[in-house]
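Note sheet for the following structure.
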Amino acid sequence: MGPEDVQELCTEILAKGPDITAADPWTDASRPAGLLITFRSGARLWAGITTAGATGADAAPGQAAAAPPLPALFDGAGKITPARAEQYLTAVLLAAHAPQIISAYGYSATSPARHPGVGLYLAGGARAFLPFIYTAAHGKKPHPRPFNLDAAF
-15 MGPEDVQELC TEILAKGPDI TAADPWTDAS RPAGLLITFR SGARLWAGIT TAGATGADAA
45 PGQAAAAPPL PALFDGAGKI TPARAEQYLT AVLLAAHAPQ IISAYGYSAT SPARHPGVGL
105 YLAGGARAFL PFIYTAAHGK KPHPRPFNLD AAF
């Protein structure tokens, strides 16, 4: 699967997610594929998409991972943190039971990530990477520099 295929798949799945009002394709000069996700609160998250083909070690077909329970997206103040977004988007992607997605994980699942995002293990051994590029609270503009994410948005 190429980045555009992952973009189409994720757009379709995430648009149906609870607490997500829109999931649209997004591109910019340095990213040919990405997602613009709008949450129920009006907060937005931009994620890039890159893919890597299967290597000899990854090519064995795997069994799809079970979807974790849908975690709370919003904190007590109604804000989203990048770590909460990772957990939530991972759960939504797994809950779709798409045959193309074997498993998904948040970059911060095992240790704090310098650049939060979601990783996907795809059928056939390929992988997809969805790093979070920008975030913005409702009515706000994202930081002009990529990867300068709000602590809560």
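First residue of the sequence shown? That's -15 in our numbering, and the numbers climb one at a time after it. Idealized CB from N, CA, C, for every residue including glycine. Remember, it's a predicted structure, so these values are computed and weren't measured experimentally.
- Under the DSSP assignment, Leu(-2) falls in the alpha helix (DSSP H) whose first and last residues are -13 to -1.
- Tyr118 carries a strand assignment under DSSP once its states are collapsed to helix, strand and coil.
- Taking C-beta atoms as the reference points, Ile21 and Leu54 fail to come closer than 9 angstroms.
- Collapsing the DSSP output to three states places Ala110 in coil.
- One alpha carbon belongs to Ser95, the other to Gly123, and they sit about 31 angstroms apart.
- When the Cα atoms are used, Pro66 and Gly103 turn out to be separated by approximately 14 angstroms.
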